[in-house]
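Asker: In this note's numbering, the protein residues as written are 402 to 775. Structure provided below as structure tokens; questions to follow.
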Amino acid sequence: MDMHEKDEQLLRSFCDERCLKDVTYESYATAIGLYSRYHKKPFYQLLEEAEKEEREEVKWKHSKLRARLLAFRNHLMKKGHLATTVKNYVSRVMTVYEEGFDIEIGKMPKLNQKNVKKPMPISYNDLPDKELLRHILKMVNPLMKAIILFMTSSGCAKRETLNITIQDFIDATYEYHHKDNIDDVIEALHGRDDVVPSWRLRRQKTNKYYTTFSSPESTAEIIHYLVIDERELTNSTPLFNISSTHMNNTFGKINNKLNLGKAGSYNRFRSHMLRKFHASQLYNDGLSMDEIDELQGRGKDQTRTSYFMEDPLRLREKYIEHMGAVTINLDVERLSIKSPEFQAMESENQKLNAELDGLKSEVDYIKRALRNKT
């Protein structure tokens with residue numbers, strides 16, 4: 402059954418009071434929805450039942466709430482969910498009871514770890530390779546093509562990818578165009594194959610600000626997608642016009658269509674595997690784990706965060722040096738990947754060298770003229 406309107410209202414109120422984000426609301430809604438469907442009652446009725454037990458001072462050990470929570474937990478385990486998944490779902494339901502409506506929850510029996518499903522380890526061979534990615538890119542629409550190439554080359558997680566705005570794209574490519582309007586940016590970058598954006602992002606999971614980069618082929622595909630995008634683009638518009646659910650479903654359909662099966666407990670082709678592809682490819686090509694952690698926004702301990710800071714320019718040079726490892730279609734070796742500043746310096750040096758050559762010629766001419774006079 403769909404979530405009852407009253408359940409949506411009380412859950413939205415619970416999240417608004419705590420200034421929780423939409424993605425957090427969705428996680429609570431999923432847990433409450435599963436809990437309600439299992440018990441075949443809307444959550445507000447289950448909540449009223451728990452409040453009634455408190456008024457009647459029913460002991461926790463004999464309460465319906467305890468029995469319901471345990472039954473729900475056992476149900477999830479029998480369905481084959483991983484221990485972390487079971488724990489998260491039950492914890493969210495309990496949090497709504499406790500923090501949202503002051504329902505006192507006593508001690509719960511510990512899970513028997515022997516009966517809990519353990520996650521299967523993922524190996525390198527489970528990761529998508531370039532051949533598979535090339536095949537998938539031929540199957541998908543321009544939006545998904547841009548997303549896949551961006552995620553494989555940047556290492557961005559799904560949440561960060563979906564939160565990127567048009568303004569973020571303008572900022573990331575600003576050194577190549579010096580424009581503030583997306584239409585001007587598209588015009589300036591259209592047809593270029595050497596643009597390596599520098600993305601300044603916040604990893605929501607770790608609340609860490611970090612810098613990462615993406616490949617020229619992903620930039621070209623983003624531009625192609627924006628050219629045919631029918632939305633009215635403002636600087637606050639999401640760069641990729643897709644919801645989290647739609648993205649998950651699309652990855653799932655691709656996985657099923659190609660009969661890729663599972664890697665561990667999850668689909669072999671899913672957004673997180675592109676992040677793993679990015680890390681593994683760069684590591685095997687010679688980047689250090691610390692450099693990859695920096696590119697993917699993984700957190701350091703507090704001391705390292707306070708005292709050791711990565712130089713974005715040096716990191717960019719290292720990324721470009723190893724960019725071929727995360728480039729799917731283009732031959733990076735044939736590209737001249739230089740920052741606009743470097744290109745300007747080269748142009749200036751060439752101009753100065755030409756002027757020096759001219760001065761040398763003039764000096765030689767004067768010397769010859771003086772010799773002829775003597």
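We put the CB at the ideal spot given by N, CA and C, even for glycine. Remember, it's a predicted structure, so these values are computed and weren't measured experimentally.
#1: Can you tell me where the alpha helix (DSSP H) with Lys-614 in it begins and where it stops?
#2: Have a look at Ser-554 and Ile-587 and give me their C-alpha separation to the nearest angstrom.
#3: Is the stretch 616–630 touching the stretch 531–547, taking contact as three or more C-beta pairs under 8 Å?
#4: So, Lys-439 versus His-405, is the Cβ gap smaller than 8 Å?
#5: Since Arg-715 is in the alpha helix (DSSP H), which residue starts that stretch and which ends it?
#6: Is it the case that the CB of His-578 approaches a heavy atom of the ligand MN more closely than 7 Å?
#7: For a test of the three-state rule: what should DSSP assign to Leu-483, helix, strand or coil?
#8: In this structure, how does DSSP classify Pro-598 when only helix, strand and coil are distinguished?
#9: Let me confirm a value: Ile-565 is counted as buried when at least 16 other C-beta atoms fall within 10 Å, else exposed. Which label applies?
#10: Locate the alpha helix (DSSP H) running through Asp-694, then write down its first and last residues.
#11: Buried or exposed: Ser-707, going by 16 or more other Cβ atoms within 10 Å of its Cβ?
#12: Thr-728 bridges to which residues according to DSSP?
#13: Please classify Glu-410: is it buried, with 16 or more other beta-carbons within 10 angstroms of its beta-carbon, or exposed?
#14: Between Ala-726 and Asp-691, how many whole angstroms is the CB-CB distance? I'm expecting something under 8 Å.
#15: Counting along the chain, where does the alpha helix (DSSP H) carrying Ala-430 start and finish?
#16: As a quick exercise: from Ile-433, Arg-493, Glu-505, pick the residue whose alpha carbon is nearest that of Glu-452.
#17: Pick helix, strand or coil for Asn-668, following the three-state DSSP scheme.
#18: Under 7 Å Cβ to Cβ from Gly-434, same chain only, skipping five residues before and after it: list those, please.
#19: Give the secondary structure of Thr-646 by DSSP, where H, G and I count as helix, E and B as strand, and everything else as coil.
#20: Starting from Tyr-626, follow the alpha helix (DSSP H) in both directions and report where the run begins and ends.
#21: Cβ of Leu-602 within 8 Å of Cβ of Glu-561?
#22: Thinking C-beta only, is Pro-639 closer than 8 Å to Leu-563?
Answerer: On the basis of the supplied data:
#1: Checking the displayed sequence, the identity of residue 614 turns out to be Phe instead of Lys. Careful: Phe-614 lies outside any alpha helix (DSSP H), inside the beta strand (DSSP E) at 609–614.
#2: 20 Å
#3: yes
#4: In the sequence on display, residue 439 carries Tyr and not Lys. Result no, Cβ atoms of Tyr-439 and His-405 do not sit closer than 8 Å.
#5: Start and end: 713–723.
#6: Here there are no bound small molecules, and the ligand MN is not part of this structure.
#7: If DSSP states are grouped into helix, strand and coil, Leu-483 belongs with the strands.
#8: Three-state result, Pro-598: coil.
#9: buried
#10: 690–697
#11: The predicted model places Ser-707 with a pLDDT of 49, which falls under 50 and marks its position as unreliable, so this point remains unresolved.
#12: Paired residues: none, contrary to the question.
#13: Correcting the residue type first, residue 410 is Gln in the shown sequence and not Glu. Exposed: under 16 other Cβ atoms inside 10 Å.
#14: Actually they are not in contact, since the Cβ atoms of Ala-726 and Asp-691 sit about 17 Å apart, beyond 8 Å.
#15: 423–440
#16: Selected option, being the one with the closest Cα: Glu-505.
#17: strand
#18: Met-404
#19: helix
#20: Note, Tyr-626: alpha helix (DSSP H), 617–629.
#21: yes
#22: yes
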